[in-house]
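S.K.:
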Amino acid sequence: MANWQKSSYSAATNECVEVRAIDGLVEVRESDDGGVIVRTIPARFAAFLQAAKTGDFDHHANGAV
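This is the structure in structure tokens:
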């Protein structure tokens with residue numbers, strides 16, 4: 049079983065998401081609620097990361113929908 053990883057930018061607290069690759073999938077979970085796991089294929093996870101890096105979700109941080 050693959051180990052969970054979190055960003056090196058995360059503080060020492062458990063307020064972050066963790067990610068791992070396992071059985072050809074990518075799994076993501078909140079570090080403080082490990083029972084809820086989102087699974088996706090690597091291509092979709094890569095697209096999500098690219099969208100986050102380019103600011104596609106920034107409007108959500110301001111409370112807009």
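Sequential numbering of the sequence shown, starting at 49, is according to this note's numbering. Even for Gly, the Cβ is constructed at its ideal location relative to N, Cα and C.
Who pairs with LEU73 in a beta bridge, going by DSSP?
M.R.: In the sequence shown, residue 73 corresponds to position 25, counting from 1. In the DSSP output, where bridge partners are listed per residue, LEU73 has ILE70.
S.K.: How is ASP104 classed by DSSP in three states: helix, strand or coil?
M.R.: Taking the first residue of the sequence shown as position 1, residue 104 is located at position 56. Residue state, collapsed to three classes: coil.
S.K.: Only counting the same chain, and skipping five residues up and downstream in sequence, which positions put a Cβ closer than 6 Å to that of SER58?
M.R.: Position 10 of the sequence shown, counting from 1, holds the residue named residue 58. The answer, listed in chain order, is CYS64.
S.K.: Using a Cβ-Cβ cutoff of less than 6 Å, which residues in the same chain neighbour VAL74 once the five nearest sequence positions on both sides are dropped?
M.R.: By 1-based counting over the sequence shown, the position of residue 74 is 26. Excluding sequence neighbours, VAL74 sits near THR88, PRO90, PHE93.
S.K.: Have a look at LEU97 and VAL67 and give me their C-alpha separation to the nearest angstrom.
M.R.: Along the sequence shown, one-based indexing puts residue 97 at 49. Along the sequence shown, one-based indexing puts residue 67 at 19. Taking the straight line from one Cα to the other gives about 12 Å.
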